[in-house]
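Presented below is the structure to which this report refers.
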Amino acid sequence: MTTPDILCIGSVLWDIIGRSPSAMRAGSDVPGRITRIPGGVAMNIAMTLANFGLRPALLSAVGRDAEGEELVREAGRLGLMTETLYRSEDLPTDSYMAVEGANGLIAAIADAHSLEQVGDKILRPLSDGRIATEAAPWAGPVALDGNLTRDLLARIAASPLFRAADLRVAPASPGKAERLLALVGHPSACFYVNREEAGLICQTDFADAGSAARGLVQRGVHRALVTDGGRMAAEARGDDLRTAQPPEVLVTRVTGAGDTFMAAHIASEVQGMAPDAALSRALHAAASYVSGETPQ
Numbered sequence: 001m002t003t004p005d006i007l008c009i010g011s012v013l014w015d016i017i018g019r020s021p022s023a024m025r026a027g028s029d030v031p032g033r034i035t036r037i038p039g040g041v042a043m044n045i046a047m048t049l050a051n052f053g054l055r056p057a058l059l060s061a062v063g064r065d066a067e068g069e070e071l072v073r074e075a076g077r078l079g080l081m082t083e084t085l086y087r088s089e090d091l092p093t094d095s096y097m098a099v100e101g102a103n104g105l106i107a108a109i110a111d112a113h114s115l116e117q118v119g120d121k122i123l124r125p126l127s128d129g130r131i132a133t134e135a136a137p138w139a140g141p142v143a144l145d146g147n148l149t150r151d152l153l154a155r156i157a158a159s160p161l162f163r164a165a166d167l168r169v170a171p172a173s174p175g176k177a178e179r180l181l182a183l184v185g186h187p188s189a190c191f192y193v194n195r196e197e198a199g200l201i202c203q204t205d206f207a208d209a210g211s212a213a214r215g216l217v218q219r220g221v222h223r224a225l226v227t228d229g230g231r232m233a234a235e236a237r238g239d240d241l242r243t244a245q246p247p248e249v250l251v252t253r254v255t256g257a258g259d260t261f262m263a264a265h266i267a268s269e270v271q272g273m274a275p276d277a278a279l280s281r282a283l284h285a286a287a288s289y290v291s292g293e294t295p296q
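For the sequence shown, full-length UniProt numbering assigns the number 1 to the initial residue and increments by one for each residue that follows.
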């Protein structure tokens with residue numbers, strides 16, 4: 001098997017997104033468009049990494065149902081390595097449903113029950129020789145998402161399979177942000193969160209991304225990157241703090257924006273960009289994404 005540039009561990013599913021150009025509230029019934037596209041945090045990150053020229057491998061659970069077969073074919077067409085997926089015979093392929101209006105995300109439901117049920121079976125390629133072994137663990141970057149259970153994230157934090165890895169972690173949603181507490185204190189974990197998620201992890205309210213990034217580091221996070229919509233973003237590690245302003249764009253979609261930011265930042269660092277340039281490139285990629293363009 002070809003050696004991947006990065007491992008993407010977490011949710012790989014179908015996104016069903018309803019979007020309307022109208023502002024919406026609870027109970028709204030408006031015209032719009034409904035699309036079904038490959039999604040899930042790990043999948044979104046992998047697709048963006050491929051756009052930046054990297055070769056990502058997917059470690060997740062996908063059913064052998066019709067939806068799963070179609071999803072695997074599409075992932076392969078997009079240049080993602082799928083040989084590392086756990087293919088369940090009896091569990092359905094997961095899905096995510098969201099409704100977005102002109103005023104942003106209205107509501108979303110993530111059905112990642114199959115991923116949660118298979119547990120550490122998705123990690124088998126890290127010990128059976130397809131990617132690595134216990135004696136020779138994976139030493140490259142890993143994009144890890146919070147759709148994994150708190151128990152599995154805790155096991156990953158302590159596992160020798162990840163002792164040499166560069167862990168990059170996303171919470172998947174504010175509702176799952178506290179699952180990342182299992183990785184606080186890990187010597188290489190880098191958290192990619194928004195200001196709300198940082199507040200949930202630290203159990204406080206932050207006024208801006210800079211204070212949120214510092215708060216995470218003080219909480220024990222090795223490194224933190226915090227976004228805040230169109231406001232200033234920040235990165236903190238130790239006593240160092242850098243900030244950058246995202247470009248102003250017309251927002252046409254929001255689901256997947258944080259994943260795009262994370263993937264673009266990882267790709268930029270893997271490709272040797274300096275810290276300030278990597279942060280700026282990631283913010284521009286996310287801005288291009290939410291404006292409806294393809295990040296480059």
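Don't be surprised by glycine CBs; every beta carbon is placed ideally from N, CA and C.
Measuring alpha carbon to alpha carbon, tell me which of L91, R55, L80, C202 ends up nearest R64.
-> L91
Do you know offhand how far A198's Cα is from R25's?
-> 26 angstroms
Which class does A189 belong to by DSSP, given the choice of helix, strand or coil?
-> coil
For the segment 169-186 and the segment 136-152, state whether three or more C-beta atom pairs, one from each stretch, are separated by less than 8 angstroms.
-> yes
Out of curiosity, what's the CA-to-CA distance linking L167 and G76?
-> 24 angstroms
Where in the segment 189-237 do unbroken runs of the alpha helix (DSSP H), each at least 4 residues long, occur, reported from the N-terminal end onward?
-> 195-202, 209-219
Helix, strand or coil for S288, going by three-state DSSP, please let me know.
-> helix
Per DSSP, what kind of secondary structure is R77 in: helix, strand or coil?
-> helix
Quick one: what does DSSP say Q296 is sitting in, helix, strand or coil?
-> With a pLDDT of 48 at Q296, under the threshold of 50, the modelled position of this residue cannot be trusted, and the question is left open.
Report yes or no: do three or more beta-carbon pairs, one from the segment 126-138 and one from the segment 96-114, lie closer than 8 angstroms?
-> no
Hey, L283 and A244: beta-carbon distance below 7 angstroms or not?
-> yes
So what's D128 in DSSP terms, helix, strand or just coil?
-> coil
Between the segment 253-269 and the segment 91-100, do three or more beta carbon pairs fall short of 8 angstroms?
-> yes
From I45, L200, P31, pick the residue whose C-alpha is nearest to that of V12; which is it?
-> I45
Neighbour-count burial assignment, V30, 16 or more Cβ in a 10 Å radius = exposed
Under a three-way DSSP split, which group does T260 fall into?
-> helix
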